[in-house]
Amino acid sequence: MRNTFKKEEKLKSRNLISDLFTSGKSLSAYPLKLIYLQKEHDSPFMIQAGVTVTKRNFKKAVDRNRIKRLMREAYRLNKHLIYESEYTKKHIFMFIYTGNHEEKLEVIDKKMKKIFRDFLKKY
RNA sequence: AAGGCAGGCUGUCUUAUCGCUACGUUUAGGCGUAGAGGAAAGUCCGGACACCAAAGAGUAGCAUAGCGGAUAACAUCCGUCGUUUCGUAUUUUUCGAAAUAGGACAAGUGCAACAGAAAGAAUGUACAGUUAGGCUGUAGUGAAACCAGGUAAACUCUAUGCGGUGUAAUGUUAAGUAAAUUGAAGUUUGAGAGUUACUCGCUCGAUUUCAAUGGGUAAGCAGCUAGAAUUACAAAGUAAUUUGUAAUGUAGAUAAAUGAUAGGAAUUACGUCUUUGGCGUAAUACAGAAUCCGGCUUAUAGGUCUGCUUUUUUA
RNA sequence: GCCCUUGUAGUUCAACGGAUAGAACAAAAGUUUCCUAAACUUUAGAUCUAGGUUCGAUUCCUAGCAAGGGUA
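So for the first sequence, numbering that gives the first Met the number 0 puts the first residue at 0; every next one is plus one.
Given below as structure tokens:
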């Protein structure tokens, strides 16, 4: 499969996001944290995913944008782990960066793989 | 020549692979084109644009403050006068540079530590001008006592300007319902309610029936990027700036695109060597459009230019 | 996005433009005690930053920085 991450695959609806934060479950692998919820949505993709960085830890918009780009890149390169598994229920994902300084892509990539492995182990 | 300070300009380039957003094209896969800044930042001023007829009048409030000009407008910019500081020089003047919220204390009110006789109307001490009184001058304290005193980035006064809310404005499309809104008719008749900081004013009566609209769902689309546009040349003007001609097509996202990896080049720093260079390592600032413009302020590695200044060398 | 407020010792708060910025708690040292606590005595410690107005600024003005709040 192709490693894309297009508009339709991104988590955008405010309602879905607030549902996710009120009733979602979480997995953690510092400096990343995944909040997930099994829920039907309109997207043709199996998972709608978003990333977020708190303003408290990164005051400058440049830093926040950079980390979000790195997280999107890591998700894009690793999502095949889930799509190629036997699991097929629809989910919404939100990745939160809980660290307070910028990490390199390879670190984030490693943690992303760990989170996906943990996620698949649970089902 | 090297270093420091201040200001102006500039603000790394390139190839491949994997991706993102918009537009065009394509039956689909795909392909083509375009894709952050000088400050996009702070939100400190000024506008454009849109809506609010509950948008009116007055007061309050806020802003500005020599003079002339520029501009769509400004608290911005240009010129000039005054004032202050510095330099040259030195009796002053003149000259050069920098800074400057720079109306009014002769409308009224307030304030002035310490010192001083006295800080607002009081006339003291010593000396001198004259012998006494009175008057005048000098000394002494202080930032200010040269008197119609000082102080308005003290209240205040004067002149000028300002209606409010901000693109999440506003318009429109689809589904679809109220105890809400609007219109018409009937019945009844005046206590109250609402509105901008306040007053005047202004708006709204209550209930029943019928018809229409329609909260929320931060839904979709428009607004949304051709504009006080950019670049070049010429002319006018001391300048800010204006006018004319030609060329150019230059982001439009919305949990929010403009990225990642690998290689090469450039610059800088450090280390090392076989030292006009080679090799290795590291770094490449400040910072990310959110309706759009004009300014202001703040941040900024490296390069480059200008001014001032310090040290060394040579003449 | 828009709007507003506040910055004073380690903490919570004071201070008309005027002498050496004050109080409580906390901290340090000492006295007391076999030791600790309590009590008592003493000490150190601050106006967010940079300019300006003024004879003089925590106070007034301007710009920046930081923190907090409101609104949709």
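From the three backbone atoms N, C-alpha and C, an ideal C-beta is built for every residue, glycine too. Because the structure is a prediction, the values reported are computed rather than measured.
How long is the line joining the alpha carbons of residue i and residue j, rounded to whole angstroms?
| i | j | result |
| --- | --- | --- |
| K109 | D41 | 30 Å |
| L80 | K59 | 33 Å |
| V111 | A73 | It is worth fixing the name first, because residue 111 is Met in this sequence and not Val. Going from the Cα of M111 to the Cα of A73 covers about 7 Å. |
| K5 | G49 | 11 Å |
| N56 | I95 | 12 Å |
| L104 | I114 | 15 Å |
| R1 | K24 | 28 Å |
| E83 | R116 | 12 Å |
| R13 | A28 | 26 Å |
If we call anything under 9 Å between Cβ atoms a contact, is residue i one with residue j?
| i | j | result |
| --- | --- | --- |
| S22 | L36 | yes |
| K67 | V52 | yes |
| F118 | L26 | yes |
| K78 | I46 | yes |
| R63 | K54 | yes |
| K38 | K121 | no |
Assuming residue i and residue j form a contact by the criterion Cβ under 8 Å, report the distance between their Cβ atoms to the nearest whole angstrom.
| i | j | result |
| --- | --- | --- |
| E7 | P43 | 6 Å |
Starting from the C-beta of residue i, find all residues in its chain whose C-beta is less than 7 Å away, skip the five residues before and the five after it, and write them out in chain order.
| i | result |
| --- | --- |
| E102 | P30 |
| N99 | N56 |
| T87 | M45 |
Leaving out five residues before and five after residue i in sequence, what residues of the same chain have Cβ atoms less than 8 Å from its Cβ?
| i | result |
| --- | --- |
| F20 | I34, M93 |
| R75 | N2, T3, F4 |
| V61 | none |
Could you name the residues of the same chain whose beta carbon sits closer than 6 Å to that of residue i, not counting the 5 residues immediately before and after it, in chain order?
| i | result |
| --- | --- |
| I91 | L10, L15, L19, L36, K38, Q47 |
| T3 | none |
| M70 | V50, F94 |
| T97 | P30, K32 |
| I107 | L69, A73 |
What are the residues that DSSP puts in a beta bridge with residue i?
| i | result |
| --- | --- |
| K9 | A48 |
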